[in-house]
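In this note's numbering, the protein residues as written are 9 to 459.
Following this line, the structure appears as structure tokens:
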């Protein structure tokens, strides 16, 4: 049986599965977690712990049709000033419960469009982050940058407040594809911004692109990848476009009949993958590529790769504090998500309350399955010895838990009493294998394509 025939027989071309940037996936969060839980979890962060900080800026000048993020449009800076004030207030509220010697190891400014902020607001926000908690000597401060909504003064302001990694969304450079997804962004404009970023002294550059968009072809995909390679990013994320119009209403603007089918999506993925590999990038997890000397590639080689809401990371911090409307925090005890509606978020924060609206408290079984799923997503295998050391679970139980994986993917993995390793098409089937460990019911059709 050919590789494609095996994948078809496994149902990959029709399957939908979570991306497993968290376990359980965020669609299983509930209102059982609230502000008091978040406060208690913040107080439980150990003295001197390294934590990550995510700040969400939900505003955009344009609302790209493909995007499923929590964003809202604005043509003026008018809503930015009060929102910046809310971020300051939330940081103060969080600070009331967090030990003073906690250290920030990674900071991520995302959106929306963080570069919608003018230089003076960037400086003000940077000052608040600096004052919030001390930064680790090896800190990483990454910022999502829209090349159509940034200039030299804003880049200089971001560099001044500590940005040392920039992330640029490309999606696709072909004009036909851009017209179909509501995002016009030329190669030349992107190249100019890359040059400006590097001129500030920022050496680490990420780029994101999508496969599975309307009107994409092998030739158009190859052209976009070659243009990305000409800009020499340190990392590239190759995400599959998730067409979920029931969740992201603006996606109804995208012509569904122009979307590639599953086998075409695989062809597009393979086209991009082959070009990145030919240019000496290393494969990271299911959808990232990195230069050999990049920290992400080194973490993957050492088995120190992790996965969170921003994708793959080398940050081992056990706590991620999310600030801003809809931001998600991760603690050892569970997940906490702020109110998604800006008005509700503003009310809670302005009245002096943490804005946690929903979340999930982790059980012992959740912790075990979460680590097993992270192993599959990062390393494509399970090490029973590590799981036994960390969670006290016996080999017999682990064998029983993984029986569905072995039954479904038997000829595509190696397995014994020490664990298992996906061997054939591992990157394509990792989400399906992880789904076999998911103890939560999945609403039919409510996840993105597994391919």
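Ideal Cβ placement from N, Cα and C applies to all residues, glycine included.
Which of helix, strand or coil DSSP assigns to residue i
| i | result |
| --- | --- |
| residue 306 | helix |
| residue 174 | strand |
| residue 245 | strand |
| residue 314 | strand |
| residue 64 | strand |
| residue 152 | strand |
| residue 353 | helix |
| residue 138 | helix |
| residue 10 | Bear in mind that a pLDDT of 49 at residue 10, under 50, signals an unreliable position, so the number given afterwards is only what the model happens to contain. In the structure shown, residue 10 sits in coil (DSSP, three-state: anything other than H, G, I, E or B). |
| residue 452 | Note that residue 452 scores a pLDDT of 49, beneath 50, so its modelled location is shaky and nothing firm can be said. |
| residue 330 | strand |
| residue 27 | coil |
| residue 147 | strand |
| residue 20 | coil |
Continuous alpha helix (DSSP H) stretch holding residue i: start and end
| i | result |
| --- | --- |
| residue 442 | 434 to 443 |
| residue 394 | 392 to 399 |
| residue 405 | 403 to 409 |
| residue 446 | First-last for residue 446: undefined, no H or E at that position. |
| residue 47 | 43 to 51 |
Span separating the alpha-carbon of residue i from that of residue j
| i | j | result |
| --- | --- | --- |
| residue 420 | residue 39 | 40 Å |
| residue 4 | residue 345 | Not covered by the structure: residue 4. The range shown for the chain is 9 to 459. |
| residue 441 | residue 161 | 47 Å |
| residue 205 | residue 173 | 9 Å |
| residue 375 | residue 237 | 39 Å |
| residue 89 | residue 360 | 18 Å |
| residue 175 | residue 337 | 21 Å |
| residue 243 | residue 299 | 7 Å |
| residue 245 | residue 131 | 29 Å |
| residue 400 | residue 103 | 35 Å |
| residue 79 | residue 314 | 26 Å |
| residue 112 | residue 150 | 13 Å |
| residue 14 | residue 23 | 14 Å |
| residue 395 | residue 55 | 26 Å |
| residue 202 | residue 241 | 9 Å |
| residue 425 | residue 380 | 15 Å |
| residue 284 | residue 297 | 7 Å |
| residue 105 | residue 60 | 16 Å |
| residue 158 | residue 190 | 18 Å |
| residue 156 | residue 123 | 9 Å |
| residue 181 | residue 198 | 10 Å |
| residue 52 | residue 94 | 24 Å |
| residue 10 | residue 16 | Caution applies to residue 10, whose pLDDT of 49 falls short of 50 and renders its modelled position unreliable; the value that the coordinates give is listed next. Using only the alpha carbons, I get a separation of about 10 Å. |
| residue 177 | residue 397 | 40 Å |
| residue 452 | residue 126 | With a pLDDT of only 49 at residue 452, under 50, the local geometry of the prediction cannot be trusted, and the value read off the model is given with reservation. The straight-line gap from Cα to Cα measures roughly 43 Å. |
| residue 301 | residue 311 | 15 Å |
| residue 280 | residue 74 | 20 Å |
Bounding residues of the beta strand (DSSP E) (the contiguous stretch that carries residue i)
| i | result |
| --- | --- |
| residue 296 | 296 to 298 |
| residue 344 | 342 to 346 |
| residue 368 | 364 to 369 |
| residue 372 | Where residue 372 is concerned, there is no enclosing beta strand (DSSP E), although the alpha helix (DSSP H) it sits in stretches over 372 to 387. |
| residue 421 | 421 to 424 |
| residue 360 | That residue, residue 360, is in no beta strand (DSSP E); it is neither H nor E in DSSP. |
| residue 321 | 319 to 321 |
| residue 338 | 336 to 339 |
| residue 427 | 427 to 430 |
Nonlocal neighbours in the same chain, by C-beta distance under 7 Å from residue i, ignoring five residues either side
| i | result |
| --- | --- |
| residue 388 | 429, 430, 434, 438 |
| residue 409 | 445 |
| residue 412 | 444 |
| residue 223 | 184, 185, 188, 266 |
| residue 373 | 447 |
| residue 347 | 333, 353, 356, 363, 365 |
| residue 58 | 111, 113, 144, 325 |
Spatial neighbours of residue i in its chain, beta-carbon cut-off 8 Å, leaving aside the 5 residues before and after
| i | result |
| --- | --- |
| residue 248 | 218, 219, 220, 273, 277, 295, 456, 457, 459 |
| residue 12 | 271, 274 |
Contact set for residue i: own chain, Cβ-Cβ below 6 Å, skip 5 residues either direction
| i | result |
| --- | --- |
| residue 27 | none |
| residue 81 | 68, 71 |
| residue 63 | 117, 331, 332 |
4 or more residues per run - each alpha helix (DSSP H) lying fully within the region 62 to 128: 88 to 105
Within the region 161 to 218, ranges of the alpha helix (DSSP H) (whole runs, at least 4 residues): 183 to 189, 195 to 207
Length at least 3, wholly inside the region 221 to 296: the beta strand (DSSP E) runs in chain order: 243 to 248, 290 to 292
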